[in-house]
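In my numbering, the protein residues as written are 3 to 312. Ideal Cβ placement from N, Cα and C applies to all residues, glycine included. Source: prediction; values computed, not measured. A short worksheet on the structure shown next.
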């Protein structure tokens with residue numbers, strides 16, 4: 003059965019994802035605004051499962067499975083570190099997003115929302131505040147691309163099978179934390195594996211891989227982002243259930259809080275948090291990332307006078 007989905011945001015990014023869905027011929031029906039249907043090639047002759055259908059201007063959206071939101075990423079400056087700087091760059095994108103969320107809710111949308119963008123935690127926070135949707139249905143792609151990159155590098159360097167690698171990362175997609183002590187090859191911690199006296203691995207290998215996965219350009223790499231987005235989407239649409247390093251929210255006493263730990267994702271949304279045991283330094287890094295992100299959010303609320311519930 004085909005899952006009806008919406009894809010909104012930057013036209014180029016929307017077309018990239020649409021092409022990927024068509025190439026994989028996934029059982030998805032992309033509901034597209036009438037004005038944009040002509041910009042996407044017709045897939046009927048090539049795809050057995052994937053399809054594009056025109057969305058009526060006032061169509062009821064209560065049966066739509068998911069919205070994929072892909073804002074333009076030109077606001078992203080990896081060198082910006084002050085909350086005020088980042089907020090100034092991200093705020094216009096939040097302003098642009100709000101009418102979309104308002105329109106969805108006015109048309110009875112009840113599905114899941116997945117966001118793929120730098121600072122996706124900021125977008126996610128305002129989506130939750132604007133929509134009032136259950137936070138278990140809201141997902142930021144987060145560090146799934148980093149996890150994919152890290153896994154591939156370990157497979158290549160240690161010449162082991164993909165299923166032999168157990169990788170978990172956490173934090174923000176702009177401030178990723180890699181808990182190396184919690185990465186395993188088979189049943190052995192990676193660091194112990196590298197430290198064995200009988201191995202021939204470069205002692206600087208971990209540092210080299212860390213440098214690679216810390217590259218700020220990962221967050222805007224279109225190929226990696228689409229790969230990660232498709233994995234998350236497969237889970238949200240019910241085709242599989244996996245543990246991924248996404249960004250999410252919790253709601254306590256009507257207050258929204260960021261959650262930067264890996265989660266099990268399935269058709270119900272976010273179902274279970276992975277209890278990742280972190281060192282004191284890693285906990286401090288996560289806390290600092292959460293504080294920084296909330297500072298950005300508060301700066302946007304203050305500067306743009308967004309009316310939110312939290």
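Simplified DSSP state of residue i, which is helix, strand or coil
| i | result |
| --- | --- |
| residue 111 | coil |
| residue 173 | strand |
| residue 35 | strand |
| residue 141 | strand |
| residue 191 | strand |
| residue 210 | helix |
| residue 78 | coil |
| residue 17 | helix |
| residue 307 | Confidence is the limiting factor: at residue 307 the pLDDT is only 47, short of 50, which leaves the residue's position unreliable and the question unanswerable from this model. |
| residue 130 | helix |
| residue 117 | strand |
| residue 185 | coil |
| residue 161 | coil |
| residue 102 | helix |
| residue 240 | coil |
| residue 50 | coil |
| residue 94 | helix |
| residue 55 | strand |
Whole-angstrom C-beta distance between residue j and residue i, which should lie under 8 Å
| i | j | result |
| --- | --- | --- |
| residue 140 | residue 126 | 6 Å |
| residue 116 | residue 143 | 7 Å |
| residue 298 | residue 96 | Rounded, the Cβ-Cβ distance is 10 Å, inconsistent with contact. |
| residue 174 | residue 295 | 6 Å |
| residue 162 | residue 187 | 6 Å |
| residue 56 | residue 109 | About 15 Å separates the two Cβ atoms, so there is no contact after all. |
| residue 119 | residue 73 | 5 Å |
| residue 261 | residue 273 | The Cβ separation is near 13 Å, so there is no contact. |
Same chain, Cβ closer than 8 Å to residue i, neighbours up to 5 away in sequence not counted
| i | result |
| --- | --- |
| residue 65 | 6 |
| residue 51 | 4, 27, 28, 29, 30 |
| residue 239 | 5, 7, 30, 67, 68, 269 |
| residue 170 | 149, 181, 184, 185, 245, 247, 264, 276, 278 |
C-beta atoms of residue i and residue j nearer than 8 Å
| i | j | result |
| --- | --- | --- |
| residue 18 | residue 147 | no |
| residue 156 | residue 167 | yes |
| residue 152 | residue 215 | yes |
| residue 75 | residue 82 | no |
| residue 145 | residue 247 | yes |
| residue 271 | residue 53 | no |
| residue 24 | residue 228 | no |
| residue 111 | residue 91 | no |
| residue 231 | residue 70 | yes |
| residue 305 | residue 93 | yes |
Same chain only: Cβ atoms within 7 Å of residue i, ignoring 5 sequence neighbours per side
| i | result |
| --- | --- |
| residue 263 | 172, 275, 276, 278 |
| residue 193 | 182, 183 |
| residue 242 | 236 |
| residue 220 | 147, 148, 151, 226 |
| residue 63 | 106, 109, 110, 111 |
| residue 79 | 91 |
Nonlocal neighbours in the same chain, by C-beta distance under 6 Å from residue i, ignoring five residues either side
| i | result |
| --- | --- |
| residue 200 | none |
| residue 36 | 56 |
| residue 266 | 245, 273, 274 |
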